[in-house]
Amino acid sequence: MSTAILTGPPAPGSSLDGDLRSLGFDVKAASGADEAGALLAAVPAGERVALVDPRFVGHVHALRLALTDPRFPAAAAPGALTAQSGARPALARALTAAGTSGADDLTGTLAEALDADGVAVHRPQLGTLVATVPADAEARHEARAAVDAVDDEAVRLRSAVKAHDGFFTTFFISPYSRYIARWCARRGLTPNQVTTASLLTALIAAGCAATGERGGYVAAGVLLLVSFVLDCTDGQLARYALKYSTMGAWLDATFDRAKEYALYAGLALGAARNGDDVWALALGAMILMTCRHVVDFSFNEANHDATANTSPTAALSDRLDSLGWTVWARRMIILPIGERWAMIAVLTAVTNPRIVFWALIIGCAFGACYTTAGRVLRSLTRRAKRTDRAAQALADLADSGPLAGIVARVLARTGPRLPGVVLAAVATGALLATVLARPFGDRQIVIIAVFYVVLSGAAVARPLKGALDWLVPPLFRAAEYTTVLVLAARSDSAHALPAAFGLVAAVAYHHYDTVYRIRGGTGAPPAWLVRVTGGHEGRTLLVTVLAALLADRGDDFTLALTALAVAVALVVLVESIRFWVSSGAPAVHDEGETA
Numbered sequence: 021m022s023t024a025i026l027t028g029p030p031a032p033g034s035s036l037d038g039d040l041r042s043l044g045f046d047v048k049a050a051s052g053a054d055e056a057g058a059l060l061a062a063v064p065a066g067e068r069v070a071l072v073d074p075r076f077v078g079h080v081h082a083l084r085l086a087l088t089d090p091r092f093p094a095a096a097a098p099g100a101l102t103a104q105s106g107a108r109p110a111l112a113r114a115l116t117a118a119g120t121s122g123a124d125d126l127t128g129t130l131a132e133a134l135d136a137d138g139v140a141v142h143r144p145q146l147g148t149l150v151a152t153v154p155a156d157a158e159a160r161h162e163a164r165a166a167v168d169a170v171d172d173e174a175v176r177l178r179s180a181v182k183a184h185d186g187f188f189t190t191f192f193i194s195p196y197s198r199y200i201a202r203w204c205a206r207r208g209l210t211p212n213q214v215t216t217a218s219l220l221t222a223l224i225a226a227g228c229a230a231t232g233e234r235g236g237y238v239a240a241g242v243l244l245l246v247s248f249v250l251d252c253t254d255g256q257l258a259r260y261a262l263k264y265s266t267m268g269a270w271l272d273a274t275f276d277r278a279k280e281y282a283l284y285a286g287l288a289l290g291a292a293r294n295g296d297d298v299w300a301l302a303l304g305a306m307i308l309m310t311c312r313h314v315v316d317f318s319f320n321e322a323n324h325d326a327t328a329n330t331s332p333t334a335a336l337s338d339r340l341d342s343l344g345w346t347v348w349a350r351r352m353i354i355l356p357i358g359e360r361w362a363m364i365a366v367l368t369a370v371t372n373p374r375i376v377f378w379a380l381i382i383g384c385a386f387g388a389c390y391t392t393a394g395r396v397l398r399s400l401t402r403r404a405k406r407t408d409r410a411a412q413a414l415a416d417l418a419d420s421g422p423l424a425g426i427v428a429r430v431l432a433r434t435g436p437r438l439p440g441v442v443l444a445a446v447a448t449g450a451l452l453a454t455v456l457a458r459p460f461g462d463r464q465i466v467i468i469a470v471f472y473v474v475l476s477g478a479a480v481a482r483p484l485k486g487a488l489d490w491l492v493p494p495l496f497r498a499a500e501y502t503t504v505l506v507l508a509a510r511s512d513s514a515h516a517l518p519a520a521f522g523l524v525a526a527v528a529y530h531h532y533d534t535v536y537r538i539r540g541g542t543g544a545p546p547a548w549l550v551r552v553t554g555g556h557e558g559r560t561l562l563v564t565v566l567a568a569l570l571a572d573r574g575d576d577f578t579l580a581l582t583a584l585a586v587a588v589a590l591v592v593l594v595e596s597i598r599f600w601v602s603s604g605a606p607a608v609h610d611e612g613e614t615a
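Residue 560 in our numbering sits at position 540 of the sequence shown, and the numbers go up by one each step.
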């Protein structure tokens with residue numbers, strides 16, 4: 021139970037007391053700032069406290085937005101202010117100072133004092149919702165009429181849907197999933213429960229696909245669409261009920277990948293039952309998807325706080341957005357999650373896994389080329405000074421391990437001054453060309469892998485502030501993942517490709533986890549985790565060495581990949597779970613992938 025303190029006696033006929041209680045507040049009344057300070061001091065330190073002007077007139081949902089969102093230490097709307105435990109000391113100081121000022125707008129004065137004290141006060145966008153403190157009876161009458169004129173439940177339902185989403189999600193899912201979200205809210209279901217239901221549904225779909233039978237494929241397609249509806253519903257429920265949580269952030273951020281990649285594995289298993297080995301295609305689709313997302317994340321982080329944006333490419337994009345229809349066309353051609361899952365569901369039901377994977381690879385490759393080309397043009401034509409924060413985010417996304425770290429420290433002052441992206445591109449190109457050209461187990465691959473380690477360390481020896489340095493992390497992802505794919509495909513070892521699929525999935529989880537930590541403002545995973553898992557260059561070198569040593573030893577390469585996959589998965593999962601369920605994790609709900 022949170023506590024709401026009215027800063028004076030309630031106005032006659034006001035429903036404010038009942039509105040606050042409906043939002044879960046224990047309501048107390050004070051006669052002024054001094055008594056409000058005393059009541060504040062009596063509330064347990066860990067509880068949220070709200071101060072509300074008793075003259076407040078507005079929608080219940082306006083109060084909900086201002087007073088119950090867990091993501092912000094302090095928030096305010098006209099006539100209402102809330103502070104969580106971290107902002108409570110600053111609020112107490114502000115109340116003490118306000119006690120001698122006699123301010124008429126106490127909550128507004130307190131909000132300004134919190135801002136001045138270094139506490140960022142969130143002020144939600146209310147749109148057509150009413151939140152005001154009328155000065156007289158006539159203004160109160162007008163405010164109540166304005167409240168009656170707007171259906172706050174309709175506003176609440178609309179705001180539960182993301183403002184920017186894909187065509188399929190916007191027109192085929194959200195028109196009814198928002199009502200499912202409301203149904204869940206009224207029955208006390210949480211976003212985490214809906215997210216878990218979505219995961220379980222997708223896992224059952226993967227199991228159906230693994231049967232290799234037409235009925236199983238049809239069931240998998242239907243269940244995948246149901247899973248996607250639930251995936252949309254969990255975020256809408258979080259926005260509808262303002263039930264954001266640290267656990268929700270972790271579940272929603274990672275389960276999308278788990279669901280999609282589990283289905284890939286199910287399709288590959290189903291195809292194998294019918295004598296068709298498509299594990300290479302399944303792994304290729306996963307690699308392409310992950311690298312494409314890393315491009316999105318890296319570009320966004322590199323330009324998160326850039327000081328200028330004078331790119332003519334960006335100006336052209338803005339002009340195209342003003343045409344309306346181009347917005348939907350441009351969103352659809354990059355095959356975002358809604359369109360992608362719909363395509364997978366339909367093709368799974370009516371075709372076979374090989375066609376599903378080729379459609380995925382072709383569609384996602386086109387989308388990746390389209391978005392990457394546009395971002396390269398923006399980067400080359402814009403004048404922007406990238407910050408230390410952006411450079412650090414790119415360095416964290418690079419996932420450089422101890423070997424690259426040693427090289428970087430040696431070359432930091434004496435090494436070549438080539439841009440990081442050039443060194444990363446040369447390293448990746450040399451490694452992949454050698455892996456593709458040389459036979460499995462060839463010792464020259466190990467030599468080039470050592471060369472890759474050296475160049476990858478040189479690439480991050482200096483801050484990644486170049487125009488195209490945001491390409492460094494996706495280049496490293498492509499190098500590591502593709503090396504594992506090619507070596508497993510070239511191996512004579514039985515089941516090497518499924519083992520490689522598991523290894524790449526475990527490493528990709530670590531990379532997605534890094535992204536969402538950075539997005540939450542808490543920085544990259546701890547340095548020990550990167551050291552223990554070897555960094556991208558250490559794992560790549562290790563896999564090439566294992567291939568060289570175990571080339572003529574039957575299934576030993578498969579066993580080695582399996583052991584490495586299990587080890588990486590255990591380490592990164594344990595640390596990830598520890599972080600996301602701890603109080604140090606950000607209380608956010610992921611808004612879904614950017615593409």
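Note that the Cβ used here is the ideal one computed from N, Cα and C, for glycine as well. Just so we're clear, the structure is a prediction, and the values are computed from it rather than from any experiment.
Kindly list the residues whose CB is nearer than 8 Å to the CB of residue i, restricted to its own chain and excluding five residues on each side of it in sequence; keep chain order.
{"i": "Phe7", "result": "With the chain running from 21 to 615 in the structure shown, residue 7 is simply not present."}
{"i": "Ala118", "result": "Ala53, Leu126, Thr129, Leu130 and Ala133"}
{"i": "Val601", "result": "Thr266, Met267 and Trp270"}
Report the option in the options whose CA atom is closest to the CA atom of residue i.
{"i": "Arg160", "options": "Asp171, Gly78 and Leu581", "result": "Gly78"}
{"i": "Ala322", "options": "Tyr260, Leu417 and Ala169", "result": "Leu417"}
{"i": "Arg113", "options": "Gly138, Phe92, Val347 and Pro98", "result": "Gly138"}
{"i": "Leu491", "options": "Asp272, Pro518 and Gly440", "result": "Gly440"}
{"i": "Ala516", "options": "Leu579, Gly295, Arg259 and Lys405", "result": "Leu579"}
{"i": "Ala14", "options": "Lys182, Ala62, Thr215 and Thr88", "result": "An answer regarding residue 14 cannot be provided, because it is not within the stretch 21 to 615 covered by the chain."}
{"i": "Gly421", "options": "Thr190, Gly486, Val315 and Glu500", "result": "Glu500"}
{"i": "Ile465", "options": "Ala450, Ser476 and Leu475", "result": "Ala450"}
{"i": "Thr401", "options": "Gly486, Arg463 and Thr346", "result": "Gly486"}
{"i": "Pro29", "options": "Asp73, Asp46 and Leu59", "result": "Asp73"}
{"i": "Gly555", "options": "Asp172, Asp296, Leu43 and His530", "result": "His530"}
{"i": "Leu20", "options": "Tyr260, Leu223 and Thr231", "result": "Given that the chain is displayed from residue 21 to residue 615, the structure contains no residue 20 and the question cannot be resolved."}
{"i": "Val550", "options": "Val524, Cys384, Asp89 and Val588", "result": "Val588"}
{"i": "Gly522", "options": "Ser399, Ala288 and Arg539", "result": "Ala288"}
{"i": "Arg231", "options": "Arg293, Ala585, Thr27 and Arg178", "result": "Note that residue 231 corresponds to Thr in the displayed sequence, not to Arg. Checking every option, the nearest Cα to that of Thr231 belongs to Arg293."}
{"i": "Leu60", "options": "Pro93, Ser34, Ala110 and Val370", "result": "Ala110"}
Can you give me the start and stop residues for the beta strand (DSSP E) that residue i sits inside?
{"i": "Ala587", "result": "Careful: Ala587 lies outside any beta strand (DSSP E), inside the alpha helix (DSSP H) at Asp576 to Trp600."}
{"i": "Ile25", "result": "Ser22 to Leu26"}
{"i": "Phe45", "result": "Phe45 to Ala49"}
Got a sec, what are the start and stop residues for the alpha helix (DSSP H) residue i sits in?
{"i": "Asp251", "result": "Arg234 to Ala261"}
{"i": "Ala229", "result": "Pro211 to Ala229"}
{"i": "Phe460", "result": "Looking at the DSSP string, Phe460 is not in any alpha helix (DSSP H), and its letter there is neither H nor E."}
{"i": "Asn320", "result": "Trp299 to Ala322"}
{"i": "Ala544", "result": "Ala544 -> no alpha helix (DSSP H), and no H or E assigned at all."}
{"i": "Phe191", "result": "Run containing Phe191: none; DSSP gives neither H nor E here."}
{"i": "Leu507", "result": "Val492 to Arg510"}
{"i": "Ser264", "result": "The residue you asked about is not Ser; residue 264 is Tyr in the sequence shown. Careful: Tyr264 lies outside any alpha helix (DSSP H) and carries neither H nor E."}
{"i": "Ser42", "result": "Leu36 to Ser42"}
{"i": "Val139", "result": "Premise fails: Val139 is in no alpha helix (DSSP H) and is neither H nor E."}
For residue i, collect the residues of the same chain with a Cβ closer than 7 Å to its Cβ; drop the 5 residues on either side in sequence, then sort them by chain order.
{"i": "Thr221", "result": "Leu243, Val246, Ser247 and Leu250"}
{"i": "Ala82", "result": "Ala97, Leu146, Leu149, Val150 and Ala151"}
{"i": "His609", "result": "Its pLDDT being 46, under 50, His609 is placed unreliably in this model, and the coordinates cannot settle the point."}
{"i": "Pro154", "result": "Arg75, Val77, Arg160 and Ala163"}
{"i": "Gly295", "result": "none"}
{"i": "Cys228", "result": "Gly236, Ala239, Ala240 and Leu243"}
{"i": "Asp37", "result": "Pro30 and Val47"}
{"i": "Arg497", "result": "Thr310, Cys311, Val314 and His531"}
Cutting at 6 Å between CB atoms, please list the residues of its own chain near residue i, excluding the five before and the five after it.
{"i": "Leu628", "result": "Not covered by the structure: residue 628. The range shown for the chain is 21 to 615."}
{"i": "Gly612", "result": "Low per-residue confidence applies at Gly612: pLDDT is 47, beneath 50, and the placement is therefore not dependable, though the value from the model is reported in the following sentence. Contacts found: none."}
{"i": "Ser218", "result": "Ser247, Leu250 and Asp251"}
{"i": "Thr614", "result": "Any reading at Thr614 needs caution, since the residue's pLDDT is 38, under 50, leaving its predicted position unreliable; the model's value is listed next. Hits under 6 Å: Asp316."}
{"i": "Ser596", "result": "Asp533"}
Alpha helix (DSSP H) runs wholly inside the stretch 66-118, at least 4 long, in chain order: 80-87 and 108-118
Meets three-Cβ-pair contact criterion under 8 Å: the stretch 353-371 and the stretch 184-199: yes
Complete alpha helix (DSSP H) runs within the stretch 382-436 (minimum length 4 residues, chain order): 408-418 and 422-434
Contact between the stretch 467-475 and the stretch 446-458 (3+ Cβ pairs under 8 Å): yes
Three or more C-beta pairs below 8 Å linking the stretch 474-483 and the stretch 537-550: no
Meets three-Cβ-pair contact criterion under 8 Å: the stretch 389-403 and the stretch 309-319: yes
Cβ contact check for the stretch 195-206 and the stretch 254-261: 3 or more pairs under 8 Å: yes
The stretch 420-434 in contact with the stretch 532-539 per 3-pair CB rule at 8 Å: no
At least 3 beta-carbon pairs within less than 8 Å: the stretch 294-308 vs the stretch 364-384: yes
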